[in-house]
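Novice:
In the UniProt record's numbering, the protein residues as written are 1 to 223.
1. For residue 77, write down the residues that DSSP places opposite it in a beta bridge.
2. Work out the CA separation of residue 33 and residue 42 for me, nearest whole Å.
3. Could you pull out every residue in the same chain whose Cβ sits closer than 7 Å to the Cβ of residue 160, ignoring the five residues on either side in sequence?
4. Could you pull the start and end residues of the alpha helix (DSSP H) that residue 214 belongs to?
5. What's the gap between the Cα of residue 121 and the Cα of residue 147?
6. Is there contact here, the stretch 61 to 81 with the stretch 124 to 138, by at least three beta-carbon pairs under 8 Å?
7. Helix or strand or just coil, what does DSSP make of residue 43?
8. Between the C-alpha atoms of residue 8 and residue 79, what's the straight-line distance to the nearest angstrom?
9. Round the Cβ separation of residue 6 and residue 72 to the nearest angstrom and send it over; I've been treating them as touching at under 8 Å.
And the structure:
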């Protein structure tokens with residue numbers, strides 16, 4: 001059973017989401033503030049997080065979670081501005097849903113986030129670059145002798161580019177592979193996530209050696 005932690009300070013929202021998720025076979029935990037969310041997040045399969053919390057901003061909750069966890073985080077927020085979306089995604093969120101929301105769409109996004117996090121590739125040798133090593137089987141990145149933690153979205157992008165074997169992958173294909181076929185037009189997400197990956201993996205993120213952009217064509221991985 002998939003366990004979802006729902007974080008929102010509105011009791012009515014918590015009630016509606018708990019009822020709908022439980023009816024669809026999810027185990028549901030709830031939290032009404034950021035401190036409770038951080039305590040309850042251990043062992044869950046997905047976090048559904050409101051940004052407007054009474055004690056800690058939701059983006060700060062994501063930042064703290066990402067220090068020790070790669071659990072998928074789907075933001076559910078009344079803030080429609082692109083700046084808030086970018087801040088949440090840049091902090092490590094996997095998706096962003098704006099209130100008011102349709103329950104069917106929200107459930108589809110939760111399923112997609114859980115699928116992405118649950119992928120397990122077959123055994124194969126690690127891919128070694130001059131800067132880091134990618135273990136596709138263990139879903140593990142090692143740089144300078146230390147493991148680098150990636151979010152499920154970041155891992156999905158890196159895995160797709162690595163498996164392309166140096167070929168350019170167009171933005172629409174990347175979006176379809178990582179986010180799902182319904183999101184092929186939302187390619188602005190790619191710039192945010194590629195920038196995050198470069199900061200984590202490239203010796204000089206502003207002059208990438210391994211995660212390259214082909215102008216007007218897409219992205220490719222270079223050993």
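Don't be surprised by glycine CBs; every beta carbon is placed ideally from N, CA and C.
Specialist: Working from what's here:
1. The residue you call residue 77 lines up with position 77 of the chain shown. Partner residues in the beta bridge of residue 77, as assigned by DSSP, are 98.
2. Start at 1 with the first residue of the chain shown, and residue 42 comes out as number 42. Start at 1 with the first residue of the chain shown, and residue 33 comes out as number 33. When rounded, the separation of the alpha-carbon atoms in residue 42 and residue 33 is 15 Å.
3. Position 160 of the chain shown holds residue 160. Once the five neighbours on either side are set aside, the close Cβ partners of residue 160 are 169, 174, 177, 178.
4. Locating residue 214 in the chain shown gives position 214, where the first residue counts as 1. Bounds of any alpha helix (DSSP H) do not take in residue 214; it lies within the beta strand (DSSP E) bounded by 211 to 214.
5. Along the chain shown, read from residue 1 onward, the residue named residue 121 stands at position 121. Along the chain shown, read from residue 1 onward, the residue named residue 147 stands at position 147. Note that residue 121 has pLDDT 44, beneath the 50 cutoff, so the model's placement of it is unreliable and the number below is only indicative. Using only the alpha carbons, I get a separation of about 19 Å.
6. No, because fewer than three Cβ pairs between the stretch 61 to 81 and the stretch 124 to 138 fall closer than 8 Å, the two stretches do not touch.
7. As a first step, residue 43 is located in the chain shown; it is residue number 43 there, counting from the start. DSSP places residue 43 in coil when its eight states are reduced to three.
8. Mapped onto the chain shown, residue 8 falls at position 8. Mapped onto the chain shown, residue 79 falls at position 79. So the two alpha carbons sit approximately 14 Å from each other.
9. Along the chain shown, one-based indexing puts residue 6 at 6. Along the chain shown, one-based indexing puts residue 72 at 72. Actually they do not touch by this definition, with Cβ atoms about 13 Å apart.
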